[in-house]
Structure formats: C-alpha cells, structure tokens
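Please read the structure below before turning to the comments.
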Amino acid sequence: MTTERRDEVSEERAPHLLYVAWGYPPARSGGVYRALATANAFAERGWRVTVLTAERDVFVTGTGIDPTLEPLIDERISVVRLPFSSPAYDVDISRWSYARAAAPEIWATLRNRRDLRRFPERGYGGWREPLERAALELHANDPVDLVVATANPHVDFLAGHRLHTDHGVPYVMDYRDAWQLDVFSGRRLSAPGSAIDQWERRLVESAHEVWFVNEPILDWHRALYPNAAARMHVVANGFEAAFAERLPPVRAGRETGLRLGYIGTISSHVPVEALLAGWRLARERSELLARSELELYGYLDHSGIPNQSVVDAIRDNAEHGVRHLGPVGKATISDTYARLDALLLVLGTGKYVTSGKVFEYAATGIPIASIHDPGNAASDVLRDSPVWFPTPGLGPDEVATTLERAAEAALAQTDDDRRAAQRWASQFERSRQLAPRLAALERAVARNGGSR
Amino acid sequence: MTRRIVVLSPTGAVTRDLDLSWAADGRVDLVLPRGAAAPAAVSAHHVDLRLGGVGAAVRRLLWGSAAGRTVFRLTPWDGGRRLWRAVRRDPAISELLRNADLVVAAERDGLFTAWKSVRRTPAQACVYGLPAAAAHAAATEERNRR
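Rendered as structure tokens:
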C-alpha cells in the first residue's frame, strides 16, 4: 500500500471522507472524470479526503494513462494506492506460466473462477480482501465519517459496506452505469437470487444513499428495490468548471472545408459503421461535406489493444476524409474542440445511455449531430439545445441528412450563436450536479456526530 | 534506453495506428502477416500465417461459438502457434528475437511467441500491449538517467 499524502496540515475537526475508486488518475477510463471531480468537490468543501485506488502501474502498463489528469487532483487529498492483480492487467509476459501463454483464455477463465468465489465480479473479485483490509486500517488510524464509492468495478462498494458492518460508518454507492442492468440492451444481466443479485440487495439495503447518472437507470433500480427508493438520487455527470474557462470560439476559414469530430473511446458499442456509411453518402450529396474532414479522437477500445473492426473501418474510409488522430489529454481537450466546427455524438443504443461526453459537447456550443438511437437518455439532455441535430435513425440516408444539417449550421454559426449555446449549457456544470448531495451528506454526518 | 524492440502483430491490427514515439531512437522491428502494410519508421518482417485447407475448414466449423473457439485455440492451427512456427522457420526473425531488449506482443496471437522468446533469452523484457511497451520504455529511460 502506498500513500501519496498531499497535505501535511489537516483540519482536525473536518469530517473524513473515504472515497473509493478503482479507476482514479492517471487512469484514462471514462468514469475517472467523475471520480476526480467528486473527490475534489468534497475537498473543496473542507472535508479531509482519502482516496483508495489501484496501484499506478495497473494503469500505466495495462490500460494506458492520461498524464494530464494527475495534476488536477486537489492537493489536500491523500491517495492510497493498493496492489491489484487481474489477468487483464498483468502484462509482464516473463512472469507468465506456460499454461497461460499457450492457452490464455482457459487460464483466465480458471483464474476468474477463483476470484469470483471472493466476490462475484469477473476480474475484480480478488481485490475485495486488500480493499477491506485497507479500509479497516485507515479507519483505525483516522476514523472515517463517510464512505463514497464509485462503480464499476462494484467491488469498490465493499470498503463502505465493511466499515458500515463493523463500525456503523454510512456509505454512498455511486453507480456510473448499473450492475444488473445492461444499459445498452435494457436486459437484466443476472438472475434473481444469483450471487450478484444477493450482493447488490445487501449493499443497497444498508447504503445511506445510492446515486445514478440518469432517471431511467434510477427508475429501473427503484422498481427492483422499492424500499430504498427514498435514498436513491440522480447525480448527473457534467462538464468541469475549468473546461468552461476555455470554451472554443467559432473557427475562421470554415468555408474552405469543415472539420467534424468525435472525441471519446471508440468501443465496440459505438456505431462507427453507421456513421461512416452516412458520411460517405453525405459527401456524395453535399459539396460542403465533400471538402470537409471527419476527425476521430480517442482510443480504439477500452483496453490497450485496438478494436480491429474499427481499425479496418477507419482505414477503409481514409480516402473519404476520415482520420484517426489518437487520444486527447483531458487537460488539453479544449484545443481539440477549438479545431472542430461540428461534433458527432456517436453512442451505442439504449434508453439508459447518457454518456459523460454529452455534457462537455454541450458546453462548447458547437453544433452537435447526434448519431445514436433517438431514445437514448442523451437525447433528454440535449432536447432543448439550440444547436442539436439528432438523427431519426441509423440508416445511411438518415445519418447523411443529419450530418448535412449539422454542417450547414456549423458553417452559418456566428460568435453570438456560439455564446448563446454555451450559456444554455452552463446548467450542466458538474458542481451544480454534486452540490445538493454534498450538502445533504454534510447535514447527515453532522447529525451522526461526525467530526464536523 | 531500450535499443532493440520487436513488436509482434500477427494479424496486422496495430500497424496503422502504431505510435512509436515511446521507442525514441531505438530500432523497431515489426512482425506482420504477409501483405500487411507497415509504417515507414519501422523495419517490417512478413511471415506467412495462412491457414491450410484443413485448418480453415476446422476453423469454420468451430469459430461460431465461444466453446468452439476455445477448442480451436488448443489445436496446432491456433494463431499463436502458427506464428511461433513461422518465426522458427525464419532465421532472420529468430535472430531478431534472440537479440531483442524488448519483445512486445501487440495482440493475443503474439503471446506464445513472446513467451517462448523470453524463456530462451531471460534477460529481455517481454510485455503484452503497446501501452505496456511504452511504460517499459519510459521506466528504462528513467533508470538510465539515474
């Protein structure tokens, strides 16, 4: 266990928050922004914050990192990094056995089966013991007033559950997606009575609060756990306040050709083929788009290994002005937005899907072409935006028409239009989403006789 | 600094987006399937990984299900084993692997060959994935600076 203590001088009477996030800077995963912002928000409000996370090497060697994120951790936060081992992140082949090298899938299946006996979460179950041990140790040294854990992985919730069971410490479960619900298909992923179902029920029953990122996901869980309904809250994602300080102006020189862009991880759920089919058709129909480019930014999958079908699709469309320009650091992302004239919100289908990037997209004021199922929860966020162009479907003609409309709006947008769209989106600044819950938690901790 | 790097990409998946900035002035050799294009900055070595008639038929038969894929991967036609056989048949690539400071399995089918290589040459580093390769190169550079 390594501790990065950011601040030697602590306020003795401030309440102590234990924040648990497997993925924390320098991790580059989507949920890391929410984790970073939530822990920072507590620290800004005067809490003493300790973050429990996985050791740095897991991200450096396993998933790739965003080095620009680590300096954004509030200096007052102590970060405790725990050893973590999982087949997906153990990349030093020299330590592998013959069985693992020769039959990696079978080896991983057997290893996962062992981890699942500890906690029913593939790849992460083995983290339960180090996490619980570290939480108990921290509490013994410096009593914890509240635990907030963000999932996935859902094993993160166990630190709070253990402190609650042993010491009565309240805990908050912050779901970025869902455990038993496939947010893309809407299907239930585990059977009633299964190990996952039993664990989630136990965790939700004793949680102080349970957070979800949108109403549809909350509604689904409210139906499953009606007794916990009053403790469930939507804490939507949002864009960072620092991002709002560098919002992009309208780009000069658009008449010679536009730049349409997607920024984000391009996983197998992202309908890249539908986008590119629509793009090719739009370029045949529109002179403006024929002289424009489509720029894709981000990793080509969640792991370090690129998704082959996406690699192929991008290669096959290079002659149509499609370029993949790699990942963008969060701290420098404003420069990338400033290059672009229209944004492409390309998402997997599902009424529970909001995505984190929709808020940042909205904040820019740049025209947005939504290339996703109209029923996605992301549509609810953008419905009143003055610069939103949703596709009615994912057929080539529908996508092409949407791209043409967004491109025309991008060409015509004035500085005043851009600023008006940015003002409209200011409602999605992240601190506005978090503030009501943080205030409620402060009152609850004070009532419980916490340090504050 | 890592000087001699061999990247194994037996499906050619990583070639287009191969970011080699981490390799600095090291020499990078890329092992690819025949016909795959390679970035200009590397020395490409092509190997024949095509499945024969029987192997292709067995693959077609088994590849449709997870259990079938698992069984196929235990056969000699598995992509990882095919790469290892192709590398052994190619003295130039075998030599490159023997002398490499870092062997990178950029994708699943490179794992077995990378593992075999590090067993033969225990002093070399051997990692799975390009992020891991970049991290290794950075750590090596840091060590050399100290």
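In the order they appear, the protein sequences are chains H and Y.
Using numbering that gives the first Met the number 0, the first residue of the first sequence is number 0, and each one after it goes up by one.
Using numbering that gives the first Met the number 0, the first residue of the second sequence is number 0, and each one after it goes up by one.
From the three backbone atoms N, C-alpha and C, an ideal C-beta is built for every residue, glycine too.
Exercise for the section: Mind checking who HIS232 (chain H) pairs with in its DSSP beta bridge? Expected result: The sequence position of residue 232 (chain H) within the first sequence is 233, counting from 1. Bridge partners of HIS232 (chain H): H:TRP210.
Exercise for the section: Assign THR49 (chain H) to one of three DSSP states: helix, strand, or coil. Expected result: For the purposes of this step, residue 49 (chain H) is taken as residue 50 along the first sequence, with counting starting at 1. THR49 (chain H) falls in the strand class under three-state DSSP.
Exercise for the section: Please name the residue, chosen from Y:PRO90, Y:ASP77 and Y:PRO38, that lies closest to GLY109 (chain Y) on a Cα-to-Cα basis. Expected result: By one-based count along the second sequence, residue 109 (chain Y) stands at place 110. Comparing Cα-Cα distances from GLY109 (chain Y) to each of Y:PRO90, Y:ASP77 and Y:PRO38, the minimum goes to Y:ASP77.
Practice task
Let me know if TRP62 (chain Y) comes out buried or exposed under the rule of 16 or more other beta-carbons within 10 Å of its beta-carbon.
Solution key: To locate residue 62 (chain Y), count along the second sequence from 1; it is residue 63. Looking at its Cβ environment, which holds fewer than 16 other Cβ atoms inside 10 Å, TRP62 (chain Y) is exposed.
Handout entry: Neighbour-count burial assignment, VAL8 (chain H), 16 or more Cβ in a 10 Å radius
Key = As a working mapping, residue 8 (chain H) is identified with position 9 in the first sequence. A caution first: VAL8 (chain H) carries a pLDDT of 38, below 50, which makes its placement in the model too unreliable to give a value.
Practice task
Rounded to whole angstroms, what's the CA-CA distance from SER93 (chain Y) to VAL86 (chain Y)? Just pull it up for me.
Solution key: Here residue 93 (chain Y) refers to the residue found at position 94 when the second sequence is read from its first residue. Here residue 86 (chain Y) refers to the residue found at position 87 when the second sequence is read from its first residue. When rounded, the distance between both Cα atoms is 6 Å.
Exercise for the section: Step through the CB atoms of chain A and report whether any lies within less than 8 Å of the CB of ALA104 (chain Y). Expected result: Among the chains of the structure shown, chain A does not appear; the protein chains present are H and Y.
Problem - Under 8 Å between C-beta atoms of ALA38 (chain Y) and PRO9 (chain Y) - result: Position 39 of the second sequence holds residue 38 (chain Y). Position 10 of the second sequence holds residue 9 (chain Y). Note that residue 38 (chain Y) is Pro in the sequence shown here, rather than Ala. Result no, Cβ atoms of PRO38 (chain Y) and PRO9 (chain Y) do not sit closer than 8 Å.
Practice task
Kindly give me the distance between the Cβ atoms of PHE183 (chain H) and GLY347 (chain H), rounded to whole angstroms, as I take these residues to be in contact under 8 Å.
Solution key: Here residue 183 (chain H) corresponds to residue number 184 of the first sequence, with the count starting at 1. Here residue 347 (chain H) corresponds to residue number 348 of the first sequence, with the count starting at 1. Between GLY347 (chain H) and PHE183 (chain H) the Cβ distance is about 5 Å, and since that is below 8 Å, they are a contact.
Problem - Backbone secondary structure at TYR174 (chain H) - three-state DSSP - result: Along the first sequence, read from residue 1 onward, the residue named residue 174 (chain H) stands at position 175. Note: TYR174 (chain H) maps to strand in three-state DSSP.
Problem - Host beta strand (DSSP E) of LEU343 (chain H) (start-end) - result: On the first sequence, position 344 is the one that residue 343 (chain H) refers to. Its beta strand (DSSP E) spans residues 341-345.
Handout entry: chain H residues whose Cβ lies nearer than 9 Å to that of THR120 (chain Y)
Key = Indexing the second sequence from 1 puts residue 120 (chain Y) at position 121. Neighbours of THR120 (chain Y) on chain H: none; closest Cβ ~10 Å, over 9 Å.
Handout entry: Secondary structure, beta strand (DSSP E): runs of 3+ residues fully inside the segment 133-174 of chain H
Key = 145-150 and 170-174
Exercise for the section: Find the nearest neighbour of TYR170 (chain H) within the set H:ALA341, H:TRP198, H:ASN151 and H:VAL143, judged by alpha-carbon distance. Expected result: The residue labelled residue 170 (chain H) in the question sits at position 171 within the first sequence. Cα-wise, what sits closest to TYR170 (chain H) is H:VAL143.
Exercise for the section: Look at the Cβ atom of LEU130 (chain H), then the Cβ atom of VAL154 (chain H), and state whether they are nearer than 8 Å. Expected result: On the first sequence, residue 130 (chain H) is found 131 positions in, with the first residue counted as 1. On the first sequence, residue 154 (chain H) is found 155 positions in, with the first residue counted as 1. Contact flag set, yes.
Handout entry: Proximity winner among H:ALA134, H:ASP173 and H:ALA148, relative to LEU162 (chain H) (alpha-carbon distances)
Key = Taking the first residue of the first sequence as position 1, residue 162 (chain H) is located at position 163. Selected option, being the one with the closest Cα: H:ALA134.
Practice task
Output the boundary residues of the alpha helix (DSSP H) element that contains TYR32 (chain H).
Solution key: Numbered from 1 along the first sequence, position 33 holds the residue referred to as residue 32 (chain H). Start and end: 31-43.
Practice task
Sort H:PRO225, H:PHE211 and H:ARG27 by Cα distance to VAL233 (chain H) and report the nearest one.
Solution key: Residue numbering aside, residue 233 (chain H) sits at position 234 when the first sequence is read from its first letter. Comparing Cα positions, the closest option is H:PHE211.
Problem - 7 Å Cβ cut-off: residues of chain Y touching GLU464 (chain H) - result: A query on residue 464 (chain H) cannot be resolved here, the shown segment of chain H reaching from 0 to 451 and no further.
Exercise for the section: For chain Y, find out if any of its Cβ atoms is closer than 8 Å to the Cβ of SER85 (chain H); answer yes or no. Expected result: Here residue 85 (chain H) refers to the residue found at position 86 of the first sequence. Answer no: the Cβ-Cβ gap between SER85 (chain H) and chain Y never drops below 8 Å.
Practice task
Can you grab the Cα-Cα spacing for the pair THR52 (chain H) / VAL117 (chain Y), in whole Å?
Solution key: In the first sequence, the residue the question calls residue 52 (chain H) occupies position 53. In the second sequence, the residue the question calls residue 117 (chain Y) occupies position 118. Cα to Cα, THR52 (chain H) sits roughly 32 Å from VAL117 (chain Y).
Practice task
Compare the C-beta of GLY297 (chain H) against all C-beta atoms of chain Y and say whether one is closer than 8 Å.
Solution key: Residue mapping note: residue 297 (chain H) aligns to position 298 of the first sequence, counting from 1. No, its Cβ sits nowhere closer than 8 Å to a Cβ of chain Y.
Exercise for the section: Say whether chain Y places a C-beta atom closer than 8 Å to the C-beta of VAL380 (chain H). Expected result: Residue mapping note: residue 380 (chain H) aligns to position 381 of the first sequence, counting from 1. No, no contact with chain Y.
Exercise for the section: Kindly say whether ALA101 (chain H), judged by its beta-carbon, lies nearer than 8 Å to any beta-carbon of chain Y. Expected result: In the first sequence, the residue the question calls residue 101 (chain H) occupies position 102. With 8 Å as the cut-off, ALA101 (chain H) counts as an interface residue toward chain Y.
Handout entry: Under the three-state DSSP convention, the category ARG80 (chain H) falls into
Key = Against the first sequence, residue 80 (chain H) aligns to sequence position 81. In the structure shown, ARG80 (chain H) sits in a strand (DSSP, three-state: E or B).
Exercise for the section: Report yes or no: do the segment 111-126 of chain H and the segment 404-417 of chain H share at least 3 C-beta pairs separated by less than 8 Å? Expected result: no
Practice task
Would you verify that the beta carbon of GLU63 (chain H) is, or is not, closer than 8 Å to some beta carbon of chain Y?
Solution key: Looking up residue 63 (chain H) in the first sequence gives position 64. The identity of residue 63 (chain H) in the sequence shown is Gly, whereas the question assumes Glu. It does: the Cβ of GLY63 (chain H) has a partner Cβ on chain Y nearer than 8 Å.
Exercise for the section: Compute every distance between the C-beta of PHE58 (chain H) and the non-hydrogen atoms of the ligand COA, then say whether any falls below 7 Å. Expected result: Of ligands this structure carries none, so the ligand COA is not represented either.
Problem - Alpha carbon of ALA23 (chain Y) to alpha carbon of ALA136 (chain Y), nearest angstrom - result: As a first step, residue 23 (chain Y) must be located in the second sequence, where it is residue number 24. As a first step, residue 136 (chain Y) must be located in the second sequence, where it is residue number 137. Approximately 9 Å between the Cα atoms of the pair.
Practice task
Identify the continuous beta strand (DSSP E) that holds GLU294 (chain H) and give its terminal residues.
Solution key: Within the first sequence, residue 294 (chain H) is the residue found at index 295, counting from 1. First-last of the beta strand (DSSP E) with GLU294 (chain H): 292-296.
Practice task
Compare the beta carbon distance of ASP340 (chain H) and LEU257 (chain H) with 8 Å and say whether it is the shorter of the two.
Solution key: Within the first sequence, the letter at position 341 stands for residue 340 (chain H). Within the first sequence, the letter at position 258 stands for residue 257 (chain H). Yes, the pair counts as a contact, with Cβ atoms nearer than the cut-off.
Problem - Enclosing beta strand (DSSP E) for GLY452 (chain H) [first to last residue] - result: Coverage of chain H is limited to positions 0 through 451, which leaves residue 452 (chain H) absent and any answer about it impossible.
Exercise for the section: Answer with yes or no whether the minimum CB distance from TRP95 (chain H) to chain Y is below 8 Å. Expected result: If you number the first sequence from 1, residue 95 (chain H) lands on position 96. Answer yes: the Cβ-Cβ gap between TRP95 (chain H) and chain Y drops below 8 Å somewhere.
Handout entry: Nonlocal neighbours in the same chain, by C-beta distance under 6 Å from VAL345 (chain H), ignoring five residues either side
Key = Mapped onto the first sequence, residue 345 (chain H) falls at position 346. Cβ neighbours of VAL345 (chain H) beyond the five flanking positions: TYR261, VAL269, LEU274 and ILE370.
Exercise for the section: Mind checking which residues open and close the beta strand (DSSP E) that includes LEU324 (chain H)? Expected result: For the purposes of this step, residue 324 (chain H) is identified with residue 325 of the first sequence, where counting begins at 1. Premise fails: LEU324 (chain H) is in no beta strand (DSSP E) and is neither H nor E.
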